[in-house]
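Numbers in this note's numbering are just positions in the sequence shown, counted from 1, shifted up by 30. Note that beta-carbon positions come from the ideal geometry of N, C-alpha and C, so glycine has one too. Nothing here was measured: the structure is a model prediction, and the numbers come from that model. Below is one structure; the comments refer to it alone.
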Amino acid sequence: MVLKKLIEFLDSQNARYTITGHPEAFTAQEIATMAHLPEKGIAKTVIVKVDSRVVMVVLPASDMVDFKLLKKALGVTHVSLATEAEFRDMFPGCEPGAMPPFGNLYNMDVLAADDLAEDQEIAFNAGTHRELVKMAYSEFERLVRPTVARISVRKRVREEENSSYTG
């Protein structure tokens, strides 16, 4: 079932959104395929550690976090992926890995990739691996007020760079 906390928040803010179901999927790429949406239009949530706190990073499924860019955007020297054990209890009612990109509901700062802001509409997990919320990106930005920055790169670009590395 869709995360009650999310729906209550969206409704209290008079947000315009739709909820769609899909077969169970665990990666943003699988969700895009099953929901018949472009991978770029699926917003995925990544939790990172910045010093002693956790921060939510939201980016298109077609991208990956660029830690150099993320450090620069945050003005810090150390950033790493958080382990599931480090954040699991912060998202009550959510299935692991299906957190919606609403860090404001969990007292977390949210950074959104600038290329996500290029999309008219985004879709994201609704707390389960079987349901998506779709809304205008402008609506997401109004509700979450993320810091928007260049923090990600397309996966294919990074994969090509890595394959050409002769190190």
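Query: Could you please give me the residues that DSSP links to residue 116 through a beta bridge?; Result: Paired residue(s): none; residue 116 is not in a bridge.
Query: For residue 178, which residues of its own chain have a beta-carbon under 6 Å away from its beta-carbon, when the five flanking residues on both sides are left out?; Result: 142, 144, 147
Query: Determine, using beta-carbon pairs with one atom in the region 109-117 and one in the region 157-170, whether at least three such pairs fall under 8 Å.; Result: no
Query: Measuring only the C-alpha atoms, how far is residue 69 from residue 81?; Result: 31 Å
Query: State the start and end residues of the unbroken alpha helix (DSSP H) segment that holds residue 93.; Result: Run containing residue 93: none in the alpha helix (DSSP H); it sits in the beta strand (DSSP E), 93-95.
Query: For residue 48, does the count of other Cβ atoms within 10 angstroms reach 16, so buried, or fall short, so exposed?; Result: exposed
Query: Among 169, 139, 130, which has the Cα closest to the Cα of residue 74?; Result: 130
Query: When burial is assigned at 16 or more other CB atoms within 10 Å of the CB, is residue 154 buried or exposed?; Result: buried
Query: Which residues in the same chain have their Cβ closer than 8 Å to the Cβ of residue 62, if we skip the five residues on either side of it in sequence?; Result: 68, 69, 71, 72, 91
Query: Below 6 Å, is the gap between the Cβ of residue 59 and the nearest heavy atom of the ligand MG?; Result: The ligand MG is not part of this structure, which contains no ligands at all.
Query: In chain order, what residues of the same chain have a beta carbon less than 6 Å from the beta carbon of residue 31, not counting five sequence neighbours either side?; Result: Because residue 31 sits at a pLDDT of 49, beneath the cut-off of 50, its placement in the model cannot be relied upon, and the following sentence gives the value as read from the coordinates. Hits under 6 Å: none found.
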